[in-house]
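Q: Listed in order, the protein sequences are those of chains R and S.
The opening position of the first sequence corresponds to residue 14 in the numbering used here, with each subsequent residue numbered one higher.
The opening position of the second sequence corresponds to residue 87 in the numbering used here, with each subsequent residue numbered one higher.
The beta-carbon is built from N, C-alpha and C at its ideal position, and this holds for glycine as well.
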Amino acid sequence: GAVVSQHPSWVICKSGTSVKIECRSLDFQATTMFWYRQFPKQSLMLMATSNEGSKATYEQGVEKDKFLINHASLTLSTLTVTSAHPEDSSFYICSARSPSGTEQYFGPGTRLTVT
Amino acid sequence: AQKITQTQPGMFVQEKEAVTLDCTYDTSDPSYGLFWYKQPSSGEMIFLIYQGSYDQQNATEGRYSLNFQKARKSANLVISASQLGDSAMYFCAMRGNDYKLSFGAGTTVTVRA
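Laid out in structure tokens, this is it:
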């Protein structure tokens, strides 16, 4: 089946620093990837849609200058949390749209803790 | 705009019994897809079952079945013969024409031995 990886699986960083999270589709090409954020015991909230070769589309209320998304190839999208603050601590999950378009394959998630 | 509603924050079920998780939705898209995902404490999202809006038959995948009632805009998940490993959070989600997924609030299922 389709596999999506994320790296790192968890990261601790200091307030004010930037953190980059990678999302890779391992056995298929993904023209579209999605980034979600999830707080403990809450639902997944879509942050942005990442399209290969073009600018990401951000959902309302998501700061595009804070959450930089780059989809440089058909198998890799990155999310950079810039100038991280403790309130950015969360579980970040990516997904990749299947070639048929009907499904999304999810990565295992990245747990970010900002101290 | 799409909206998914899961009204059961948590449910307890006895091992080997069946449990039904409720999900209602609202959309103006004529074509859409409905999904159920399981999220254990590890955080990974595990795909369980899919129902297309034009599918005539209710979807089934092993112990999972989706009770799709289009007129009522409901897509309830039935887990039969519950196992201890079924304890997790379950999310109902809908995909619209823009291919984005909208998730419900989730239901935590605890299976008792």
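Run through the DSSP bridge pairs and tell me what D112/S is partnered with.
A: The count along the second sequence starts at 1 and reaches residue 112/S at position 26. Looking at the DSSP assignment, D112/S forms a beta bridge with K89/S.
Q: What did DSSP end up calling G171/S once you bin it into helix, strand or coil?
A: Start at 1 with the first residue of the second sequence, and residue 171/S comes out as number 85. If DSSP states are grouped into helix, strand and coil, G171/S belongs with the helices.
Q: So for E35/R, helix, strand or coil by DSSP?
A: Here residue 35/R is taken as the residue at index 22 of the first sequence, counted from 1. It is a strand residue.
Q: Would you check if the region 152–165 of chain S and the region 115–126 of chain R touch, i.e. whether three or more CB-CB distances between them fall below 8 angstroms?
A: Not touching, per the Cβ criterion.
Q: Measure how close the beta-carbons of R158/S and G119/S come, nearest whole angstrom, since I'm counting them as under 8 angstroms.
A: Mapped onto the second sequence, residue 158/S falls at position 72. Mapped onto the second sequence, residue 119/S falls at position 33. Actually they do not touch by this definition, with Cβ atoms about 17 angstroms apart.
Q: How about L110/R: is its C-beta nearer than 7 angstroms to some C-beta of chain S?
A: Numbered from its first residue, the first sequence carries residue 110/R at position 97. Per the sequence shown, the amino acid found at residue 110/R is Arg instead of Leu. At least one chain S Cβ lies under 7 angstroms of R110/R.
Q: Does DSSP classify E65/R as helix, strand or coil?
A: Taking the first sequence and counting its residues from 1, one reaches residue 65/R at position 52. E65/R: coil per DSSP, three-state reduction.
Q: If contacts are defined as beta-carbon pairs under 8 angstroms, then T93/R and S31/R qualify, I think. What distance do you get, rounded to the angstrom?
A: Residue numbering aside, residue 93/R sits at position 80 when the first sequence is read from its first letter. Residue numbering aside, residue 31/R sits at position 18 when the first sequence is read from its first letter. Sure, about 6 angstroms apart at Cβ, within 8 angstroms.
Q: Between S28/R, Q73/R and E35/R, which has its C-alpha nearest T142/R's C-alpha?
A: Residue coverage of chain R in this structure runs from 14 to 128, which leaves residue 142/R outside it and unanswerable.
Q: Going by the DSSP bridge assignment, what does E147/S pair with across the sheet?
A: Numbered from its first residue, the second sequence carries residue 147/S at position 61. According to DSSP, which records beta bridges pairwise, E147/S is partnered with Y150/S.
Q: With a 10 Å radius around its C-beta and 16 neighbouring C-beta atoms as the bar for buried, classify S67/R as buried or exposed.
A: The count along the first sequence starts at 1 and reaches residue 67/R at position 54. Result: exposed.
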